[in-house]
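Visitor:
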Amino acid sequence: MSIGVLALVRLAPERVAALTAAGYAVCEAAKYPSRVDAVRDSGDVRAVLTNGRGGLSGDEMALLPKLGIVCATGAGYEAIDLDTARSRGIAVANCPDTNASAVADSAMMLLMAATRHLLAADRFVRAGGWQDQWRVDTPTISGRRLGILGLGTIGSKIAHRAARGFDMEIGYHNRRPVAGSSYRYFDSLIELAKWADFLVAAAPGGTATRHLVNAGVLAALGPKGYLVNVGRGTVVDTAALIDALRSKRIAGAGLDVLEGEPNVPPKLQELLQFDNVVVTPHCAGRAPESRTAATALILANLNAYFAGKQLPSPVAPL
């Protein structure tokens, strides 16, 4: 008999096919008028697939009496009610490393696109301009200082690319130093921003990281500094960023995530008015390789749980 799985996130057809072939009956919330309707109609499901932003609340868990496991399809899980899950003995898993390489690649792309003013140069050429008329300073990133907020799996891959590929000096800020890391640790984000030429935010979401990159951090980064965010939109105070860009207190930004997701971010149009800002639609981690790896890990977690085995990637207690 198939095991019921409620998908609160959109699933690619190949992922649905893989789950079905493995013996799971997938109920897709996207086919219901609302998420609430999907949850209320899924009382018999034993597993839920979600993501970090959408999560699964305690009230929703209460509507799923047979629920045994919640699996986030990416690394984030900040909106899953872990306390309620623990109290009910519901297992929680995530897929932490499946898109890390793609996100790290995108972080470097955004950094280069912002610093080299790629979009402005492209628009300039499409408007008929060429070399002699181009008057924009575009600094190089090679040999410069890169500050990383969040030296986890993704942050470490960004550091590796920057250090090995661009001879950059790496500093980072975490809640505590990373054991065995050769990179310079800063216990103050403001001090890291003062030191760095460029700051990349690769921190997870949640209340603990909300608006870590604020007006003070942006002021410390300075008028020649660039910000990249591939972590969560809430890590950056968007209003402070817009103010810093408008007053030229920073040189530019490359953003894959913004406050207000998963809807179209409310301040997106304000950001798009700046020629020195590059925005991508939270797609840094999307790649065929990422999807394949995530599908395999989702199945591994589900299969392990229903076989009574240890989960490959359980979420650690907070």
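Counting from 1020, one number per residue, gives the positions in the sequence shown under my numbering. The beta carbon of each residue, even a glycine, is placed where N, CA and C say it ideally should be.
1) Is aspartate 1100 closer than 7 Å to glycine 1071 when the C-beta atoms are compared?
2) Can you give me the C-alpha to C-alpha distance between threonine 1253 and alanine 1132, rounded to a whole angstrom?
3) Inspect the beta-carbon positions of isoleucine 1209 and alanine 1234 and report whether they are closer than 7 Å.
4) Three-state secondary structure (DSSP) at asparagine 1248?
5) Quick one: give me the first and last residue of the alpha helix (DSSP H) that valine 1232 is part of.
6) What does a CB cutoff of less than 6 Å around glycine 1074 pick up in its chain, not counting 5 residues either side in sequence?
7) Leucine 1337 to alanine 1091, Cα distance in whole Å?
8) Using the beta-carbon count (16 or more within 10 Å), is threonine 1069 buried or exposed?
9) Looking at glycine 1174: is its Cβ nearer than 7 Å to the Cβ of alanine 1221?
10) Considering just the uninterrupted stretch of the beta strand (DSSP E) at threonine 1069, what are its terminal residues?
11) Along the chain, where does the beta strand (DSSP E) that runs through alanine 1026 open and close?
12) Could you say if the region 1264–1274 and the region 1123–1141 meet the contact criterion of at least three C-beta pairs nearer than 8 Å?
13) Cβ atoms of isoleucine 1189 and alanine 1007: under 7 Å apart, would you say?
14) Give, in chain order, every unbroken run of the alpha helix (DSSP H) that is at least 4 residues long and sits entirely within the region 1127–1155.
15) With respect to the alpha helix (DSSP H) encompassing glutamate 1188, which residues constitute its N-terminal and C-terminal limits?
16) Would you say proline 1242 and lysine 1213 are within 7 Å of each other, going by their C-beta atoms?
Guide: On the basis of the coordinates in this document:
1) no
2) 22 Å
3) no
4) strand
5) Neither: valine 1232 is in no alpha helix (DSSP H) and is coded neither H nor E.
6) Ala1098 and Ile1099
7) Reliability fails at leucine 1337, whose pLDDT of 42 lies under 50, so the model's placement of it is uncertain and no value is given.
8) buried
9) yes
10) 1066–1069
11) 1022–1026
12) yes
13) There is no way to answer for residue 1007, as the model of the chain reaches only from 1020 to 1337.
14) 1137–1145
15) Careful: glutamate 1188 lies outside any alpha helix (DSSP H), inside the beta strand (DSSP E) at 1188–1192.
16) no
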